[in-house]
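Respectively, the protein sequence lines represent chains X and W.
Numbering that gives the first Met the number 0 applies: residue 0 is where the first sequence begins, and numbers increase by one.
Numbering that gives the first Met the number 0 applies: residue 0 is where the second sequence begins, and numbers increase by one.
Only one structure is covered here, and it is reproduced in the block below.
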Amino acid sequence: MTEPIIAFDRVVFSYDSVEVLHQISFTLERGEIVGLLGPNGAGKSTTIKIIAGILTPGEGSVSVAGLPLPERAVDVKQRIGYVPENAMLFESLTGQEFLELSGRLHGVEEETLQMRIREMLETFGLSSDRSSRLDTYSKGMRQKILLAAALLHNPELILLDEPLSGLDVNAAIMIKDLIAALAAGGRTILYSSHVLDVVEKICSRALIIHQGSLIADGTLDSLRASTGRESLEDVFRTLTHSANVEPGVNRIVTALGS
Amino acid sequence: MNAAWQVIERFLRNSPRTRALMKRLGIDPVQYWLLVDLFGTLSDRRELPGHLGHTDMSLDKASWLFYFLSGIMAFFFAIAGMPLVVYFLVFMLVSGFLLLTTLLSETNNSLINPVEGLVLAHQPINGATYTSAKLTHILRILLHLVPALNLIPAFAALLISAPWYYPLLQLAAGFAVGIVMALFCCALFGWLIRFVPPARLKSVGFAAEMSSWLMYVMMQFTPNLHLKVRVSHWLPSGTAARVAIASACVVIAFAAVIFGLRALSGDYLARVSAIARGGSGRKYRARRSYLGETVACLFGGPSVRAGFDYVWRMMTRDWQFRRQMVGLIPITAMLIGGGWQGARISPFSGKFTMMHVLPHAFGFAFFMVCSALPYGPDRKGAWLFLLAPTGAFRGFARGVFARLLSAMLAPQVVLLPFLAWSWGLRDAALFLAYSAAVSAVYLALELRLVEGMPFTRQQESMGNPETMIILFAGGLVVSIAVALQYFLIFRTVILVVAVTAVLAVAAWLIARSSLESFEISIRFHLGLLSNESKGIYTEVNG
């Protein structure tokens with residue numbers, strides 16, 4: 000059996016004294032597309048940041064491609080592509096400059112880098128804006144730049160935190176197809192999103208985190224079977240006990256009417 | 000100095016030996032130069048607010064100011080025939096203090112930068128590479144400021160019979176002091192980054208930045224501290240024992256610096272990026288504000304309350320604003336010191352005391368507040384104001400003014416019982432009424448400095464020349480005002496009452512006019528934002 004690309008073993012993480020991940024364990028195999036689901040504040044982004052080597056777990060062990068974290072963080076970062084939830088960029092750089100910076104920091108050969116940047120900007124429809132500063136880009140354009148930066152160095156593992164946020168329909172369809180193609184090429188994709196339809200379409204397996212604990216880990220079919228629900232949305236609502244939203248809706252309507 | 004730096008940089012970039020040395024130290028040469036170029040570009044394009052610029056707009060200004068000040072000092076010391084040893088020590092002390100103040104601020108801005116951390120934290124950069132690229136920025140500042148502080152004095156010393164080699168000696172000593180200060184600052188922030196939780200890092204960094212001023216203030220209050228403490232009394236009498244203690248201190252200091260620098264090279268980027276997630280960690284309890292309710296009731300309803308509460312909450316929580324208020328510390332210290340002495344003598348006694356400066360000091364303090372008020376790191380939150388009905392801005396502007404005025408008047412109200420106890424109720428009440436009227440005039444005028452919605456604009460570069468001109472001109476006007484106040488107004492009680500009444504009316508009239516300008520400026524600024532956002536969100540794909 001091959002070594003898992005991500006091994007997350009009984010990981011505990013706290014911000015200050017507040018524990019946000021409680022003994023989470025899972026593994027990801029190469030070539031998988033795994034959806035990471037959970038309500039707001041469940042700990043999805045924290046999980047992704049730990050895998051990206053940005054945060055260090057308080058307890059437990061994490062390894063990526065057999066490399067332990069945080070000891071081999073630099074080597075791990077060399078192997079991953081990460082699209083963060085919030086599009087933090089150096090606003091005064093142009094799209095071209097930002098991609099060059101990202102590629103060169105990953106040690107991509109100059110000729111290859113320029114070719115990849117050209118192709119990605121062309122594909123994402125950003126060629127004419129390559130020399131514009133990022134602070135003039137729309138949210139969708141910035142998201143495309145982040146996606147391009149994450150892929151430039153051809154990473155083994157791609158961590159996507161709400162990657163379709165702000166993208167138009169065409170770009171979103173293209174990204175979904177791209178994810179499938181990358182996985183077919185042997186890359187592993189961990190895809191965190193609130194958009195369950197997309198997860199249902201592109202992921203073969205889902206991890207559901209609720210209040211810092213991993214409450215479900217399995218293929219979509221097995222999750223449907225275990226909960227007796229048809230859609231992933233219903234599965235999610237059942238597992239996170241958010242099935243009945245009516246009282247909350249009524250409270251807001253009442254408050255607005257007062 | 001730019002040319003010298005470029006020559007050194009070109010040599011270092013192309014030298015295989017430098018590359019080999021860097022690799023041996025754990026620094027990736029390619030990434031190092033990429034980061035040096037990146038920080039330079041970001042600084043050139045004003046993306047690093049608070050930094051002394053890379054293309055040296057601000058660094059040049061700071062350098063010229065230091066050349067000017069050190070030149071004047073050297074000129075006067077030379078004319079006064081100051082002994083060479085004292086001359087040397089004074090300039091080393093001045094260099095040390097000014098470099099420490101500048102470098103603490105620069106190190107804080109450079110090393111505790113969560114945005115940079117967030118963008119770069121997932122890149123495969125090791126700590127040593129990142130830290131060395133950051134330290135290069137500090138070195139560049141030293142290369143500018145040390146000659147600015149020492150070059151003219153070094154040659155001016157030749158006028159007081161210094162030996163021919165003295166200029167070299169002072170410059171070398173200046174660089175040594177600069178390097179010690181730089182190492183101290185980096186080590187200090189290394190320790191902080193290692194041991195302070197990310198959520199508290201910004202606040203503690205801010206406190207560290209103030210430490211040089213706090214030292215200055217302490218020295219003001221305890222000028223003879225070294226005599227009182229009598230360090231020699233605590234030391235052993237034997238020379239050998241003293242040498243051993245001194246050696247131990249040097250070793251400990253050296254170890255502390257090494258540890259601090261090494262701490263920067265660990266998981267530094269991850270820790271700094273965690274600041275953004277951590278926030279201050281502090282929870283703010285929702286409290287009923289009777290003052291806010293009263294202001295809203297008196298001046299026009301919810302929009303006044305919105306401005307009143309918004310500006311205060313941002314002033315007390317916005318770390319960028321609070322950092323800019325560091326400059327108020329020496330003024331506050333001088334005020335407290337002067338006030339302590341002046342509180343015993345009534346301003347109506349005919350004697351000049353620092354209390355005569357008090358109303359104008361409030362004016363100066365709020366000049367700084369109003370100058371910093373438009374800027375903030377959370378400028379993207381300005382969209383909220385784009386949705387507000389246009390009529391709301393009149394009330395909002397009044398709310399902002401009411402909050403600033405109440406913040407200005409509150410300390411004067413607090414002073415009343417103390418001064419009444421010392422001077423008598425009549426003198427105290429009259430003086431504070433006069434002070435309130437003067438400071439209200441200042442505030443009404445200074446409100447015009449708040450261009451646009453408070454806390455919604457990107458910080459501009461340091462050392463705005465217009466601000467410097469206003470400061471110099473303002474200093475002259477204040478001096479004349481204090482002289483008039485002392486020689487003419489505070490001679491009779493009736494005149495003070497009359498002038499107070501006139502100033503109060505003037506403050507009211509000026510405030511009305513300034514509030515109109517402020518409201519227009521808010522709308523104008525939001526209009527710009529609105530146009531900008533239209534541009535930003537135009538889809539290109541169609």
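Idealized CB from N, CA, C, for every residue including glycine.
Smallest Cα separation from residue i: which of the options?
| i | options | result |
| --- | --- | --- |
| Ile71 of chain W | W:Gly474, W:Val449, W:Ile151, W:Leu414 | W:Ile151 |
| Leu66 of chain X | X:Val33, X:Leu92, X:Ala6 | X:Ala6 |
| Gln457 of chain W | W:Ala401, W:Phe430, W:His524, W:Phe392 | W:His524 |
| Ile111 of chain W | W:Trp190, W:Ile335, W:Arg9, W:Phe174 | W:Trp190 |
| Arg261 of chain W | W:Phe67, W:Leu24, W:Leu158 | W:Leu24 |
| Tyr129 of chain W | W:Ser109, W:Leu148, W:His143 | W:Ser109 |
| Gly37 of chain X | X:Val234, X:Arg29, X:Val17 | X:Val234 |
| Ser370 of chain W | W:Trp311, W:Ser348, W:Ile469, W:Ala500 | W:Ile469 |
| Phe174 of chain W | W:Ser202, W:Leu138, W:Pro196 | W:Leu138 |
| Val501 of chain W | W:Tyr433, W:Ser513, W:Phe486, W:Phe489 | W:Tyr433 |
| Asp8 of chain X | X:Ile23, X:Arg250, X:Asp15, X:Ala171 | X:Ile23 |
| Gly185 of chain X | X:Phe25, X:Val10, X:Arg29 | X:Arg29 |
Would residue i and residue j be called neighbours here (beta carbons separated by less than 9 Å)?
| i | j | result |
| --- | --- | --- |
| Phe38 of chain W | His136 of chain W | yes |
| Leu141 of chain W | Gly177 of chain W | yes |
| Gln5 of chain W | Ala132 of chain W | no |
| His105 of chain X | Gln142 of chain X | no |
| Thr106 of chain W | Phe188 of chain W | yes |
| Gln169 of chain W | Ala156 of chain W | yes |
| Ala510 of chain W | Leu442 of chain W | yes |
| Leu446 of chain W | Ala427 of chain W | no |
| Glu518 of chain W | Phe395 of chain W | yes |
| Leu298 of chain X | Gly40 of chain X | Here chain X has residues from 0 to 257 only, and residue 298 of chain X is not among them. |
| Phe307 of chain W | Val477 of chain W | no |
| Asp196 of chain X | Ile207 of chain X | no |
| Ala436 of chain W | Val498 of chain W | yes |
| Leu145 of chain X | Ala86 of chain X | yes |
List, in chain order, every chain W residue whose beta-carbon is nearer than 9 Å to that of residue i.
| i | result |
| --- | --- |
| Gln210 of chain X | Those within 9 Å of Gln210 of chain X in chain W number zero; the least Cβ separation is about 18 Å. |
Is there at least one Cβ from chain W nearer than 9 Å to residue i's Cβ?
| i | result |
| --- | --- |
| Leu88 of chain X | yes |
| Gln77 of chain X | yes |
| Pro67 of chain X | no |
| Gly144 of chain X | The question names Gly, but residue 144 of chain X is Ile in the sequence shown. It does not; no Cβ of chain W falls within 9 Å. |
| Glu96 of chain X | yes |
| Arg117 of chain X | no |
| Arg132 of chain X | yes |
| Asn243 of chain X | no |
| Asn153 of chain X | no |
| Asn85 of chain X | yes |
Identify the continuous beta strand (DSSP E) that holds residue i and give its terminal residues.
| i | result |
| --- | --- |
| Thr187 of chain X | 187-191 |
| His355 of chain W | Counting along the chain, His355 of chain W falls outside any beta strand (DSSP E), and DSSP gives it neither H nor E. |
| Tyr81 of chain X | 79-82 |
| Asp160 of chain X | 156-160 |
| Gly306 of chain W | Gly306 of chain W -> not in any beta strand (DSSP E); alpha helix (DSSP H) instead, spanning 301-316. |
| Val63 of chain X | 58-63 |
State yes or no: is the beta carbon of residue i nearer than 9 Å to at least one beta carbon in chain X?
| i | result |
| --- | --- |
| Ile124 of chain W | yes |
| Val256 of chain W | no |
| His544 of chain W | Past the edges of chain W, shown from 0 to 541, lies residue 544 of chain W, and the structure says nothing about it. |
| Thr40 of chain W | yes |
| Leu117 of chain W | yes |
| Val399 of chain W | no |
Kindly indicate the opening and closing residues of the alpha helix (DSSP H) around residue i.
| i | result |
| --- | --- |
| Gln565 of chain W | Chain W is shown from 0 up to 541; residue 565 of chain W falls before or after that span and cannot be answered. |
| Glu28 of chain X | Neither: Glu28 of chain X is in no alpha helix (DSSP H) and is coded neither H nor E. |
| Thr93 of chain X | Unbroken run through Thr93 of chain X: none, as it is neither H nor E. |
| Thr100 of chain W | 83-110 |
Using the beta-carbon of each residue, which ones in chain W are nearer than 8 Å to residue i?
| i | result |
| --- | --- |
| Val11 of chain X | None at all; the shortest Cβ gap to chain W is about 16 Å. |
| Leu100 of chain X | Leu33, Leu37 |
| Tyr81 of chain X | His121 |
| Ser73 of chain X | According to the sequence provided, residue 73 of chain X is Val. The question's Ser does not apply to it. Going along chain W in sequence order, the residues near Val73 of chain X (Cβ under 8 Å) are Pro123, Ile124, Asn125. |
Under 9 Å Cβ-Cβ, which residues of chain X neighbour residue i?
| i | result |
| --- | --- |
| Gln30 of chain W | Arg103, Leu104, Gly106 |
| Leu138 of chain W | Neighbours of Leu138 of chain W on chain X: none; closest Cβ ~22 Å, over 9 Å. |
Please list, in chain order, the chain X residues whose beta carbon lies closer than 8 Å to that of residue i.
| i | result |
| --- | --- |
| Pro196 of chain W | Asp15 |
| Val203 of chain W | None at all; the shortest Cβ gap to chain X is about 14 Å. |
If the cut is a Cβ gap below 7 Å, which residues of chain W does residue i touch?
| i | result |
| --- | --- |
| Ala51 of chain X | His121 |
Along chain X, which residues have their Cβ under 7 Å away from the Cβ of residue i?
| i | result |
| --- | --- |
| Val114 of chain W | Met87 |
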